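Asks: My questions will all concern the structure given below.
Numbering (the working numbering), first residue to last: 1443 to 1641.
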């Protein structure tokens, strides 16, 4: 199994190193993530089937199930109104990117819902099949979108759902929180709109 990438902030590293002084000899920091994405951090022995990640001189051990849920995890140590503690961000905990089926998207448009339908396909693909209400994501449109409120509804269209999801994720990472992708991509759209050819 490929070890997951885990990022630990300097503040968290300091807190872990302080806590390690009280750990028993041979114990390492252990991370557990259960199926409902509840977390546990403690010091304990390395088990035979553990996956061990070394980051900034700190060893982090986890069982294989946790390792599958841990890629991209960021661990920080924060102080706030509720006290101090560890903050764990995990990109694997459910996706904030939502899919919309073409028929539902058409209903949104017919109701006059405010949204941006953004076509991320290359120009050559756009020449083969266009959705009239969609706008191509070119540099000028990118600049316009950057000025939008972060709660604006952005719906991404590509040839395949996965490409649209990736585009939606990039805008989510830029702070937009109402991002969608068209399920089935342009082929999905073509199943309900015969004017749009499949390719």
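Just so it is clear, CB atoms sit at the ideal spot from N, CA and C, and this is done for glycine as well.
All values reported here derive from a predicted model rather than from experimental measurement.
1) Who are the Cβ neighbours of residue 1472 in its own chain at under 6 angstroms, not counting the five residues just before and after it?
2) Would residue 1577 and residue 1561 qualify as a contact pair, given that the criterion is a beta-carbon distance under 8 angstroms?
3) Could you give the distance in angstroms between the alpha-carbon of residue 1467 and the alpha-carbon of residue 1527?
4) If you compare alpha carbons, which of 1500, 1507, 1495, 1449 is closest to residue 1476?
5) Run the CB neighbour count on residue 1644, radius 10 Å, all protein chains shown included, and call it buried at 16 or more, exposed below.
6) At 3 residues or longer, what runs of the beta strand (DSSP E) sit wholly inside the stretch 1469 to 1555?
7) Please report how far the alpha carbon of residue 1599 lies from the alpha carbon of residue 1470, in whole angstroms.
8) Over what stretch of residues does the beta strand (DSSP E) that includes residue 1596 continue unbroken?
9) Roughly how many whole angstroms lie between the Cα atoms of residue 1451 and residue 1531?
10) In the DSSP output, what is residue 1623 paired with across the bridge?
11) Counting along the chain, where does the beta strand (DSSP E) carrying residue 1607 start and finish?
12) Please say whether residue 1641 and residue 1570 have beta carbons closer to each other than 8 angstroms?
13) So, under 8 angstroms CB-CB, residue 1624 and residue 1547 are touching, yes? Tell me the CB distance rounded to an integer number of Å.
14) For my contact list, residue 1513 and residue 1447 are in at a C-beta cut-off of 8 angstroms; report their separation, rounded to the angstrom.
15) Go ahead and pull the three-state DSSP assignment for residue 1578.
16) Can you tell me which of 1610, 1613, 1611, 1606 puts its alpha carbon nearest to the alpha carbon of residue 1630?
17) What residue from 1505, 1536, 1595, 1481 has the CA that sits closest to residue 1491's CA?
18) Is the CB-CB distance between residue 1611 and residue 1517 below 8 angstroms?
19) May I ask you to list the residues that DSSP assigns as paired with residue 1558?
20) Look up residue 1444 in the DSSP assignment and say whether it is helix, strand or coil.
21) Using 8 angstroms for Cβ pairs, my map puts residue 1529 next to residue 1520. What's the rounded Cβ distance?
Replies: The structure says:
1) Taken in chain order, the residues that qualify are 1484, 1486, 1503.
2) Their beta carbons are under 8 angstroms apart, which means residue 1577 touches residue 1561 by this criterion.
3) Rounded to the nearest whole angstrom, the CA to CA distance from residue 1467 to residue 1527 is 24 angstroms.
4) The option with the nearest alpha carbon to residue 1476 is 1507.
5) This structure cannot settle anything about residue 1644, because the visible part of the chain is limited to 1443 through 1641.
6) If we require 3 residues or more, the beta strand (DSSP E) runs fully inside the stretch 1469 to 1555 come out as 1470 to 1475, 1481 to 1486, 1493 to 1497, 1500 to 1504, 1515 to 1522, 1525 to 1531, 1540 to 1542.
7) One C-alpha to the other measures close to 46 angstroms.
8) The continuous beta strand (DSSP E) containing residue 1596 extends over residues 1595 to 1599.
9) Roughly 12 angstroms between the two C-alpha positions.
10) Residue 1623 pairs with 1541, 1598.
11) For residue 1607, there is no enclosing beta strand (DSSP E); the residue is found in the alpha helix (DSSP H) stretching over 1603 to 1615.
12) Contact flag set, yes.
13) Their Cβ separation, rounded to whole angstroms, is 6 angstroms, which keeps residue 1624 and residue 1547 in contact under 8 angstroms.
14) Their Cβ separation, rounded to whole angstroms, is 6 angstroms, which keeps residue 1513 and residue 1447 in contact under 8 angstroms.
15) Strand, per DSSP.
16) Cα-wise, what sits closest to residue 1630 is 1606.
17) Ranked by how close their Cα comes to the Cα of residue 1491, the residues 1505, 1536, 1595, 1481 have 1505 in first place.
18) Contact annotation: residue 1611 and residue 1517 have beta-carbon atoms that are not nearer than 8 angstroms.
19) For residue 1558, which the question treats as bridged, DSSP gives the partners 1596.
20) Residue state, collapsed to three classes: coil.
21) Separation of the CB atoms of residue 1529 and residue 1520 is rounded to 5 angstroms, and the pair is thereby assigned contact status at 8 angstroms.
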